[in-house]
């Protein structure tokens with residue numbers, strides 16, 4: 003999402019800077035995950051897509067400036083769920099190295115959530131952001147309650 007946002011809104015300097023940093027960090031995380039997978043003999047496979055993220059993205063309004071607002075808030079929600087997953091993993095995995103790895107990813111995801119919400123509040127009035135966040139959280143709750151339990155993470 004970071005690269006698509008910076009490409010879509012090149013006139014928004016702060017957004018472009020923040021998304022470029024986030025994209026670099028995410029690529030670094032991807033490389034770390036690949037390295038960990040190789041070390042454990044796990045092969046990299048095609049991602050079939052994430053129903054949760056797909057359904058959440060369906061809530062993005064097409065017209066601007068609402069598209070930007072919704073994209074930022076939905077990205078923050080996805081990051082928040084990743085935080086929850088990494089927290090669970092960091093507490094439940096026996097391997098201390100993996101626990102530390104998951105905690106570091108948890109910290110990054112929390113920062114990313116803050117970045118997306120801060121950008122939303124930079125470009126939109128706080129009350130507008132809060133209202134839309136409440137709406138999208140309600141929609142997200144319905145989506146989550148309809149999903150089957152599965153061991154998945156966003157990328």
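Residue numbers (our numbering): 3 to 157.
Glycine residues also receive a C-beta, built at the ideal position from the N, C-alpha and C atoms.
Discussion item. On the CB-based measure, 16 or more other CB atoms within 10 Å of its CB, does residue 142 come out buried or exposed?
Written reply: buried
Worksheet item: Could you give the C-beta distance for residue 34 and residue 46, rounded to a whole number, given that I count them as a contact under 8 Å?
Response: That pair is no contact at about 13 Å.
Fill in: Span of the alpha helix (DSSP H) around residue 17
15-41
Worksheet entry | C-alpha gap between residue 65 and residue 72, whole angstroms | Going from the Cα of residue 65 to the Cα of residue 72 covers about 10 Å.
Item to complete: Thinking residue 53 and residue 149 are a contact (beta carbons under 8 Å), I'd like their distance in whole angstroms, please.
Response: 6 Å
Worksheet item: Ends of the alpha helix (DSSP H) at residue 128?
Response: 128-148
Worksheet item: Would the beta-carbon of residue 79 fall within 8 Å of that of residue 11?
Response: The answer is no: Cβ separation not under 8 Å.
Discussion item. Using C-beta distances below 7 Å, list every residue in its chain close to residue 135, excluding the 5 sequence neighbours before and after it, in chain order.
Written reply: 75
Worksheet item: Considering residue 72, what are the terminal residues of the alpha helix (DSSP H) in which it resides?
Response: Following the DSSP letters along the chain, one finds residue 72 inside the alpha helix (DSSP H) bounded by residues 68-94.
Discussion item. Mapping the DSSP letters down to three states, classify residue 101 as helix, strand or coil.
Written reply: Taken through DSSP and simplified to helix, strand or coil, residue 101 comes out as helix.
Worksheet item: If you follow the alpha helix (DSSP H) that residue 9 is part of, which residue opens it and which one closes it?
Response: 4-10
Discussion item. Given a cut-off of 8 Å on the beta-carbon distance, is the pair residue 31 and residue 120 in contact?
Written reply: no
Item to complete: Whole angstroms is fine: what's the gap from residue 6's alpha carbon to residue 146's?
Response: Approximately 25 Å between the Cα atoms of the pair.
Fill in: Separation of residue 87 from residue 114, as counted between CA atoms
Going by the C-alpha atoms only, they are around 15 Å apart.
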